Amino acid sequence: MSSEELLYIEGGRRLAGEACVQGSKNAALPMLAASLLATRGHTILHRVPAVKDVLVALEVLRKLGARVDHDLSSQTVVIDTVDVANYHLPEDLTGRFRAALLFVGPLLARFRKACICEVGGCAIGSRPVDYHYRGFARLGARVTGTGGGGIEVCADDLRGAFMYCDLPSHTGTENLIMAASLAAGDSLIENAASDPEIVDFVQLLSKMGARVRGAGTRTVEISGVDELHGAEHTIMHDRLDAGMLMMAAGITGGDVAIQGVQHDHLRVFTAKLHQMGVQWHEDGSWTRVQGPEVLSPINVVTTYYPGFPTDLQPSIVALACVANGDSYIRETVFEDRLGHVKTLRAFGARLLPEKDRLVIVHGPARLRAARTGAHDIRAGGACLLAALAAQGRSSISNLYQLDRGYDNLENRLRALGAELERI
Ligand code: EPU
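For the sequence shown, our numbering begins at -17 and goes up steadily by one.
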């Protein structure tokens, strides 16, 4: 683990040059879990980001008995889960990331049984798991506590059912689709999440032989099949990494060409950036992003896709800190995703967290170097953006959080002229 490492950033450099967007972490994770559904053939995934959460997910697969071949240079993973016979998720690994929960659906579907201990993840408020387990129960599973925070899910038979999420849960939707894909008969998930990662994930499932309709809408239908097999898929680009690179250009007044920004996944976000004065132009697979001399303030309310993504909220707060005027940013998806507010204050920004998860940012602040830590993945991103814009040498600790979500970000920023050093 890299918790004792520090990232030093000499701020105030204008970024310029070319950068590529990584493969999507949040699409890769359910796909790795889905490989467990295959009882013949290999699952081959391309453009797999080498982020910590993905590396831990690969380790989970290995511990369950899968053969995993990860070629970092080609970003390809080949997985053979045919001989997997273990349905106990390893406690030492599931405690590290919340997406470990995604392994329960496919294990239940394939073995009619799964055992998991407490899951970890970002500290962004209480993150219940009731939609997942309630859905499994509707398919016919019994969900019982094993003591010590563990959960056992088992079923004699899984039968297609009507399921729903009170809120459109991203991983909840993916988990229920996987569990229903090998159940007998038809299932329907109402108020499903419609994020692009789910569409990409269902594309892989369909190649594996699953019958799923409606991915990308709020109603998803699944017709259970008898078996699924391995398949090959190239993972979509990571819209959150794309947003991070665009904002790095925006906050430094830079001029950066980015390959792999999928604009139809980021419409509300890019419209907000445009309002702040950031210019962008598409040219084939490239997007040229130019930051203004001075950013304009912004109003943002995070919500479910296709609304403004909660994962980009911490970073846009960082941009608002240097914008010329007051910005109002409201978080509505997670109850406590404002861990970056305190960190940004250390850079000299003026932020007032009000009640009801509203942050008022009084810009413009002239950011000065600070010694800070990454509170969670995306708060770490906000911290890095502030450090890029601040005058002087900043440091960021708790880099494990940044590494959970961003692949080789330092080198990509360095290629744009940023001065960064990990010690
Ligand atoms: N919720 C419940 N009960 C549940 C599940 C969710 O009440 O059983 C609530 C949550 O508390 C939250 C809302 O529903 O208020 C939405 O949460 P969701 O389930 O969609 O979050 P998630 O699936 O656990 C994924 C991403 C997160 C991202 C959120 C929201 C993955 C692996 N994780 O989490 O990504 O913030 O969706 O888009 O896909 C990140 O990448 O940094 C990250 C945290």
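Just so you know, even glycine gets a beta-carbon here, dropped at the ideal spot from N, CA and C.
Computed from a predicted model, the values in this text were never measured in an experiment.
Ligand 1 heavy atom lying under 8 Å from the CB of residue i
i      : result
Leu40  : no
Asp182 : no
Thr325 : no
Ala86  : One point to set straight first is that residue 86 is Val, not Ala, in the sequence displayed. No, since every heavy atom of ligand 1 falls outside the 8 Å radius drawn around the Cβ of Val86.
Asp177 : yes
His219 : no
Lys95  : no
Pro31  : no
Val125 : no
Phe316 : yes
Ser151 : yes
Asn390 : no
Asp358 : yes
Cys365 : no
Ser377 : no
Val299 : no
Arg80  : yes
Asp338 : no
Ser17  : no
Val283 : no
Asp385 : no
Gly196 : no
Gly107 : yes
Pro288 : no
Leu402 : no
Leu11  : yes
Val111 : yes
Lys254 : no
Asn173 : no
Burial state of residue i, where buried means 16 or more other Cβ atoms lie within 10 Å
i        : result
Ser(-15) : Note that Ser(-15) scores 48 on pLDDT, short of 50, meaning its location in the model is unreliable; the coordinates nonetheless yield the value given after this. Classification of Ser(-15): exposed, given that the 10 Å Cβ count is below 16.
Leu11    : buried
Leu158   : buried
Ile233   : buried
Ala400   : buried
Lys7     : buried
Ala305   : buried
Gly236   : buried
Gly129   : exposed
Asp139   : exposed
Asn380   : buried
Thr126   : exposed
Pro110   : exposed
Arg195   : exposed
Arg193   : exposed
Leu54    : exposed
Ala406   : What the structure shows of the chain is the stretch from -17 to 405, and residue 406 is not part of that stretch, so it cannot be assessed.
Ser297   : buried
Ile378   : buried
Glu179   : buried
Arg221   : buried
Glu403   : exposed
Thr63    : buried
Lys34    : buried
Gly(-7)  : buried
Thr325   : buried
Thr199   : exposed
Ile405   : exposed
CB contact flag (residue i, residue j, <9 Å)
i      : j       : result
Val59  : Leu89   : no
Gly191 : Val207  : yes
Ile217 : Leu395  : no
Ala161 : Ala20   : no
Ile311 : Val271  : no
Leu398 : Ala48   : no
Tyr69  : Leu46   : yes
Pro150 : Tyr286  : yes
Ala166 : Val135  : no
Pro274 : Gln261  : yes
Ile349 : Ala368  : Looking at the sequence itself, residue 349 is Leu, so the reference to Ile does not match. Taking 9 Å as the Cβ cut-off, Leu349 and Ala368 qualify as a contacting pair.
Glu336 : Gly107  : no
Leu391 : Gly345  : no
Asp293 : Arg339  : no
Val38  : Arg(-5) : no
Supposed close pair residue i, residue j - CB separation, criterion 8 Å
i      : j      : result
His197 : Ser169 : Reading off the sequence, residue 197 comes out as Ala, not His. Rounded, the Cβ-Cβ distance is 13 Å, inconsistent with contact.
Arg124 : Ala137 : 7 Å
Leu32  : Asp389 : A quick correction: the sequence has Ala, not Leu, at residue 32. The Cβ separation is near 5 Å, so the contact holds.
His219 : Gly242 : 4 Å
Gly102 : Arg80  : 6 Å
Ile240 : Met228 : 7 Å
Ala91  : Leu164 : 4 Å
Chain C contact for residue i (CB, 9 Å cutoff)
i      : result
Gly154 : In the structure shown, chain C does not exist; there is a single protein chain.
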